[in-house]
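Take the sequence shown: its position 13, counted from the start at 1, is 1296 in this note's numbering, and no numbers get skipped. Think of the CB as a built atom: it goes at the ideal place given N, C-alpha and C, for glycine as much as any other residue.
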Amino acid sequence: MLQKNFLNRIATRARYIIVLSFLIFSGCAQKDPVITEQVAPDIYRIKAFRSNIYLIVGKTLALVDAGMPGDGAEVIKAISTLGRDPKEVSHILITHGHIDHIGSLAFLKRATGARVIAGAPEIDYIQGKKKPWQMARDGFSGKLFKIILFFAETFVFTYEPTAIDQVCSGEEVIDYNGGVTVVATPGHSSGSVSYYLPDKHILFTGDALSGEPHAKLPPRASCADYQQALASVKKIASLQFNICCFGHGKPVVKGADTLVKKLVVDSP
């Protein structure tokens, strides 16, 4: 039985890596159209090639994450389609420094003039002292995935380093639209943060949780430290929020905190 469970885990991780590799290498050649949908009043999901980018609408605009290299022009177009000027974007809130969340950051910063905010451990990756693929990955499958990312980031697309305007350590409040609380949620990466809108009961988790194909724990192969990632999920479960916006997959728009609490109960 133990051997069977072990083999099943290996097979699951292998499928994850194979599917993600296919998406990286084949998808860069031909992208699906960007989809924009309203998640809640003043909150929009911009579904780009490999990840979600969220638009928060207030007196000014804010973006959560910046997608893959090449997504930037479509994000600007999506903002304009909603009848807003991209120059209204005052903040770009980065959840972590993986390429599918910072790939178009330099483009979007230039196009909007926005301030970039990110967690302290992500600085070297975002500002170009280290490559995004060099970020730690947990276990054998994570190391294999890291090799795949090396080839993707070396031969398929390139990342343009971007200056960070505000470094956050977690738990501070960003002065935007009544206050955005930074929640340190390390594990997926060492500096992963989530962004919490307590007045709207909305949480943006980045990849601290996954929404593909449904709400679930982050895949081990995608994490720098899986046990730390599980601890962050427990931390998320202590918050009160109705809507949960993931870095990948569809947001949960009702009873999200209850769902996350169940994930914690069912976690290994």
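| Asked | Found |
| --- | --- |
| Local conformation of GLU1357 per DSSP, three classes | helix |
| Nearest-angstrom beta carbon gap, ILE1385 and ILE1409 [assumed within contact, 8 Å] | 6 Å |
| Rounded C-alpha distance that separates TRP1416 from PRO1404 | 15 Å |
| Rounded Cβ spacing between ILE1406 and HIS1374 (contact assumed at less than 8 Å) | Wrong, their Cβ atoms sit about 17 Å apart, outside the cutoff. |
| Stretch pair the segment 1472-1489 + the segment 1518-1532: three plus CB contacts closer than 8 Å | yes |
| Segment limits, beta strand (DSSP E) that includes PHE1487 | 1485-1489 |
| Reduced DSSP category for PHE1529 - H, G, I as helix; E, B as strand; rest coil | strand |
| Span separating the alpha-carbon of LEU1388 from that of THR1541 | 33 Å |
| Separation of GLY1411 from ARG1333, as counted between CA atoms | 21 Å |
| Given 8 Å, three or more beta-carbon pairs between the segment 1531-1547 and the segment 1485-1503 | yes |
| Three-state class that DSSP yields for VAL1547 in the structure shown | helix |
| Residues near TYR1509 in its chain [Cβ-Cβ closer than 6 Å; skip 5 each side] | ASP1421 and ARG1503 |
| Spatially closest choice to GLY1350 from GLY1489, PHE1524, ALA1514 and ILE1447, by CA coordinates | GLY1489 |
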